[in-house]
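Engineer: I have a structure here, written as structure tokens, and I will follow up with some questions on it.
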Amino acid sequence: MADDVIVNKAASIERCLQRIQDEYEGDRQNLVANQTKQDAIILNLQRACETAIDLAMYVVSRRKLGVPQDSREAFALLQAGSILSADLAQRMQRMVGFRNVAIHEYTRLNLEVIHSIITKQLDDFRTFSSTIVKTCA
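Next comes the structure, spelled out in structure tokens:
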């Protein structure tokens with residue numbers, strides 16, 4: 024039987040990514056010039072990060088892979104447990120850094136970084152959640 028927590032968190036990540044794409048609409052101006060869309064994009068990116076962290080922590084706990092001291096370490100433990108590749112674990116750890124800035128230092132957010140995440144790194148979330156679902160659900 025599938026693990027409902029894993030399946031639900033993966034679905035939540037996908038909803039956030041879809042919302043980001045719906046607001047961005049492939050148009051950089053929706054991020055730069057439209058404050059409402061910018062806020063929706065950043066909020067959903069933050070939510071995707073937080074849900075990915077929750078999912079990582081959940082799997083680490085369920086698989087008894089260790090006790091992460093912080094969010095980044097959860098992804099390292101998934102790598103050590105042969106669940107994530109080293110490359111994907113590192114990319115997800117960088118997303119933790121983005122999430123920390125988004126939450127604690129919102130005024131420091133760089134729209135160029137957000138644009139890069141939207142155009143080049145959203146699939147990292149999909150790869151992460153699908154890997155967890157296939158391996159652990």
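Going by the numbering used here, the sequence shown opens with residue 24, and the numbers climb by one from there.
Note that CB positions come from ideal geometry on N, CA and C, so glycine has one too.
1) If I'm right that valine 119 touches cysteine 72 with Cβ under 8 angstroms, what's the distance once you round it to whole angstroms?
2) Spatial neighbours of alanine 33 within its chain, please: C-beta separation below 6 angstroms, excluding the five flanking residues on both sides.
3) Grouping DSSP H, G and I as helix and E and B as strand, with all else coil, what is glutamate 48?
4) So for lysine 87, helix, strand or coil by DSSP?
5) The alpha helix (DSSP H) spanning asparagine 123 covers which residue range?
6) When you compare only the Cα positions, how much space is there between methionine 115 and glutamine 61?
7) Under DSSP, the alpha helix (DSSP H) around lysine 143 begins and ends at which residues?
8) Over what stretch of residues does the alpha helix (DSSP H) that includes methionine 102 continue unbroken?
Structural biologist: Concretely, from the data shown:
1) 7 angstroms
2) Ser152, Val156
3) coil
4) coil
5) 109-127
6) 22 angstroms
7) Premise fails: lysine 143 is in no alpha helix (DSSP H) and is neither H nor E.
8) The sequence shown places glutamine at residue 102, not methionine. Note, glutamine 102: alpha helix (DSSP H), 94-103.
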